[in-house]
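For the record, in the sequence shown the residue sitting at position 122 is 123 according to this note's numbering, with numbers rising by one throughout. Beta carbons: idealized from backbone N, C-alpha and C, even for Gly. This one's a predicted model, so the numbers in the text were calculated from it and none came from an experiment. Comments concern the structure below.
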Amino acid sequence: MHSSNPVFSRNDGFNGRSSSVQTDPSQWTIDTNAQPGYAPPAGAASDRMTVDSVVEKTAITLGVLTVAAAVTWFLLGDVTATQENLQRAQMFAFGGAIIGFGLAMVNSFKKVISPALVLAYAAAEGVLVGAFSKVIASWIGDASIVFQAVLGTFVAFAGTLAAYKFFNIQVTDKFRKVVVIAGMSIVGVLLLNMVLSLTGVLESGGLRGFNALGLVVSIGLVILGTFFLILDFDFVERGVEAGLPARESWRAAFGLTVTLIWIYLEMLRILAILRGD
2 MHSSNPVFSR
12 NDGFNGRSSS
22 VQTDPSQWTI
32 DTNAQPGYAP
42 PAGAASDRMT
52 VDSVVEKTAI
62 TLGVLTVAAA
72 VTWFLLGDVT
82 ATQENLQRAQ
92 MFAFGGAIIG
102 FGLAMVNSFK
112 KVISPALVLA
122 YAAAEGVLVG
132 AFSKVIASWI
142 GDASIVFQAV
152 LGTFVAFAGT
162 LAAYKFFNIQ
172 VTDKFRKVVV
182 IAGMSIVGVL
192 LLNMVLSLTG
202 VLESGGLRGF
212 NALGLVVSIG
222 LVILGTFFLI
232 LDFDFVERGV
242 EAGLPARESW
252 RAAFGLTVTL
262 IWIYLEMLRI
272 LAILRGD
């Protein structure tokens, strides 16, 4: 059983690199080709990844993110009062993005998932979400835009999950490869766009400007984000079926959190462009 999603690619058991079951629960990998009647060692069933454990870990991760975002929001105060306040908010957002990106890379390629690093990532991204939301809400002059973006993210999540379950979407290797390659490509393009914008080569933010081009790009990124949600759901479903160790619930929670943050930020940009002057 193989997952091409880079968030999940370091999971040896899920990618079929080992078919042995160790006595140490932290080293368990599950043989997905086991014959009927296969019996895991005593105590194994209590240390398996389940849908409930994924929901629990995801709720904890999103809770940390929400608290960090709320604290950042209130600490920044009125970002439009002075230019200094606005610059401070932008620095908070930039710092959260850089630290979050670094932790995301560590979590994505770490062989054994670390709950502490997953929660640290959530806290860093919470600073980004809180600061960016504050800047956008102040620019629009209406804090309700944040609630609208959260609602849009929830609708995207629920709609994608419903389509995945009710239409019985089958995730093929080709689909995984296309989505992952597209995701990695767009990250590279956006990083280049950021560098060129910061150095003054591109005006008005390039692909990330708050204009018609930026709107098209953000809509495309939301659509791509829903495809990554499908990969996340597939990982959870296959992981539960394969009997992955319970610690892998944190990997699933991390993957879902990455995607939900991605969709939320793009939803916020879309609403800002539509409501902006």
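Could you compute how far the alpha carbon of residue i sits from the alpha carbon of residue j?
i      : j      : result
Arg89  : Gly201 : 21 angstroms
Phe1   : Phe236 : What the structure shows of the chain is the stretch from 2 to 278, and residue 1 is not part of that stretch, so it cannot be assessed.
Ala164 : Val119 : 28 angstroms
Leu266 : Asp48  : 35 angstroms
Asn108 : Phe75  : 29 angstroms
Leu275 : Ser205 : 16 angstroms
Ile182 : Leu232 : 13 angstroms
Asn194 : Leu77  : 27 angstroms
Ala159 : Val241 : 20 angstroms
Gly226 : Gly256 : 11 angstroms
Ile137 : Val151 : 14 angstroms
Asn212 : Tyr122 : 30 angstroms
Phe176 : Ile224 : 14 angstroms
Gly116 : Lys166 : According to the sequence as given, residue 116 is Pro; it is not Gly. If you take the alpha carbons of Pro116 and Lys166, they lie about 28 angstroms apart.
Val179 : Phe168 : 20 angstroms
Leu104 : Ala94  : 15 angstroms
Gly277 : Lys135 : 15 angstroms
Arg1   : Ile114 : Any question about residue 1 goes unanswered here, given that the chain covers just 2 to 278.
Gln84  : Gln149 : 27 angstroms
Gly189 : Leu199 : 16 angstroms
Met106 : Ala144 : 32 angstroms
With residue i and residue j assumed to form a contact (beta carbons below 8 angstroms), what rounded beta-carbon distance in angstroms separates them?
i      : j      : result
Ala247 : Met50  : 5 angstroms
Gly101 : Leu63  : No, Gly101 and Leu63 are not in contact; Cβ-Cβ is about 14 angstroms, not under 8 angstroms.
Leu197 : Leu203 : 4 angstroms
Gly131 : Ala60  : Incorrect: roughly 19 angstroms between the Cβ atoms, too far for contact.
Gly127 : Thr73  : 7 angstroms
Ala243 : Ile146 : With 8 angstroms as the limit, Ala243 and Ile146 do not qualify as a contact, their Cβ atoms being about 41 angstroms apart.
Can you tell which of the options has its C-alpha closest to the C-alpha of residue i?
i      : options                        : result
Gln171 : Ala144, Ala105, Ser219, Glu238 : Glu238
Ser186 : Leu199, Phe211, Asp174, Leu222 : Leu222
Arg270 : Leu230, Asp174, Gly153, Leu203 : Gly153
Ile220 : Ala125, Gly244, Trp263         : Trp263
Ala98  : Gln84, Leu66, Asn86            : Leu66
Gly96  : Ala121, Val113, Ala125, Asn86  : Ala125
Phe1   : Ala273, Thr258, Gly277         : A question about residue 1 goes unanswered here, because the residues of the chain that appear run from 2 up to 278.
Phe1   : Leu216, Leu87, Val188          : Not covered by the structure: residue 1. The range shown for the chain is 2 to 278.
Leaving out the 5 sequence neighbours to the left and right, which residues in its chain are closer than 6 angstroms to residue i when beta-carbon positions are compared?
i      : result
Ser250 : Met50, Ser54, Val55, Lys58
Gly142 : none
Leu230 : Thr161, Thr260
Leu216 : Ile274
Ala254 : Lys58, Thr59, Thr62
Given residue i, which residues of its chain have a CB within under 7 angstroms of its CB, disregarding the five upstream and five downstream residues?
i      : result
Ser139 : Val80, Thr81
Leu214 : Leu208
Phe234 : Leu162, Tyr165
Gly184 : Leu225, Phe229
Met268 : Ala150, Gly153, Thr154, Val223
Ala71  : Gly131
For residue i, which residues of its own chain have a beta-carbon under 8 angstroms away from its beta-carbon, when the five flanking residues on both sides are left out?
i      : result
Val218 : Leu208, Arg209
Val52  : Val237, Val241
Ala157 : Val223, Gly226, Thr227, Leu230, Ile264, Met268
Asp25  : Bear in mind that a pLDDT of 39 at Asp25, under 50, signals an unreliable position, so the model cannot answer this.
For residue i, would you say it is in contact with chain B, using Cβ-to-Cβ distances shorter than 8 angstroms as the test?
i     : result
Ala71 : In the structure shown, chain B cannot be found, because there is only a single protein chain.
| At what residue ranges does the region 231-266 contain a whole run of the beta strand (DSSP E), taking only runs of 3 or more? | Within the region 231-266, no complete beta strand (DSSP E) run reaches 3 residues.
| task | Could I get the ranges of all uninterrupted alpha helix (DSSP H) runs contained in the region 157-233, with 4 residues as the minimum, in chain order? | result | Taking only runs of at least 4 residues, the alpha helix (DSSP H) segments lying wholly in the region 157-233 are 174-199.
| request: Write down every uninterrupted run of the alpha helix (DSSP H) in the region 105-151 whose length is 4 residues or greater and which is fully enclosed by it, in chain order. | output: For the alpha helix (DSSP H) assignment, the uninterrupted runs of no fewer than 4 residues enclosed by the region 105-151 are, from N- to C-terminal side, 116-141.
| field | Within the region 57-84, ranges of the alpha helix (DSSP H) (whole runs, at least 4 residues) | value | none
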